[in-house]
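Numbering (the numbering used here), first residue to last: -9 to 236.
Right, dumping it as structure tokens:
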């Protein structure tokens, strides 16, 4: 099969445009948001350290004052109280820091999962629109050729299932496509079906906007398709699984 360089170049340009849009409208805002979150985390951590230092200073001041005013007989008691106060203050600060870290970690994980989900959804939407815009006559012919090649790959077991389904059903064979199929291409598809001994006189061609760069034939209960939307849906599912596993 000859390579259509115009289509290849158009796809490359479209991919570069997609990368530029992701860089401008997704990656840069995401990095700014993460930077703001990190600044807030650093500020809270600094506040915790300041609180701990303040507690230490207050305890030291208290100890110094007690040492200057109390007698040697009371000094042991002051030391004990000082130790208890210092231990309590340290425990309180450590507990506060632990709760802050846990809360910030949960918030950060939720934020990252949310961002990944948004990136996946936006990537899916942009890729879907890009493929719709890229479709042209040459690409449509290539899709028909690929679809006919898929028909040629039907094995004997599948062929028997299809033949039996057609015999048991009185419904027409429906061929759907994301574009209007030319008469020549229709004959190409019919010939590919006949090669596989699928001789159904009730053929019906229908355009289907739900398909993206694709074509589908429904033989009774059996469906054969070549559709880029299937690949995009697989990509979206993998993105969602990635977000759930994070």
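Virtual Cβ for every residue (Gly too), placed ideally from N, Cα, C.
Over what stretch of residues does the beta strand (DSSP E) that includes residue i continue unbroken?
i	result
residue 263	No statement about residue 263 is possible, as the shown extent of the chain runs from -9 to 236 and does not include it.
residue 205	204 to 209
residue 215	212 to 217
residue 167	163 to 167
residue 199	Unbroken run through residue 199: none, as it is neither H nor E.
As a quick exercise: from the options, pick the residue whose alpha carbon is nearest that of residue i.
i	options	result
residue 162	144, 133 and 195	195
residue 41	12, 87, 73 and 20	87
residue 35	83, 164 and 177	83
residue 52	39, 69 and 38	69
residue 199	183, 217, 213 and 182	217
Please report the Cβ distance between residue i and residue j, rounded to the nearest whole angstrom; I am assuming they are in contact, meaning their Cβ atoms lie under 8 Å.
i	j	result
residue 152	residue 201	Between residue 201 and residue 152 the Cβ distance is about 21 Å, and since that is not below 8 Å, they are no contact.
residue 79	residue 38	So it is not a contact: roughly 12 Å between Cβ atoms.
residue 132	residue -6	7 Å
residue 49	residue 12	Their Cβ separation, rounded to whole angstroms, is 54 Å, which puts residue 49 and residue 12 out of contact at 8 Å.
residue 138	residue 182	4 Å
residue 197	residue 172	Not a contact, Cβ separation roughly 12 Å.
residue 212	residue 136	The Cβ separation is near 19 Å, so there is no contact.
residue 95	residue 214	49 Å between Cβ atoms; not a contact.
residue 193	residue 205	Contact flag wrong, Cβ pair sits at about 13 Å.
Just reading off the alpha helix (DSSP H) that residue i is part of, what are its end residues?
i	result
residue 144	Looking at the DSSP string, residue 144 is not in any alpha helix (DSSP H), and its letter there is neither H nor E.
Please go through the same chain and pick out, in chain order, the residues whose beta-carbon is closer than 6 Å to the beta-carbon of residue i, but skip the five residues on each side of it.
i	result
residue 165	195 and 207
residue 169	130
residue 175	134
residue 67	none
Apart from the five residues just before and just after residue i, which ones in its own chain have a Cβ nearer than 7 Å to its Cβ?
i	result
residue 124	For residue 124, the predicted structure reports a pLDDT of 47, less than 50, and the residue's modelled location is therefore unreliable. A value from the coordinates is still provided. 0, 1 and 4.
residue 98	27
residue 184	none
CB-CB under 8 Å to residue i, same chain, minus the five flanking residues each way: which ones, in chain order?
i	result
residue 9	none
Is it the case that the CB of residue i approaches a heavy atom of the ligand COA more closely than 8 Å?
i	result
residue 21	Although the ligand COA was asked about, the structure shown includes no ligands whatsoever.
4 or more residues per run - each alpha helix (DSSP H) lying fully within the stretch 9 to 80: Those alpha helix (DSSP H) runs which fall completely within the stretch 9 to 80 and span 4+ residues are 18 to 59.
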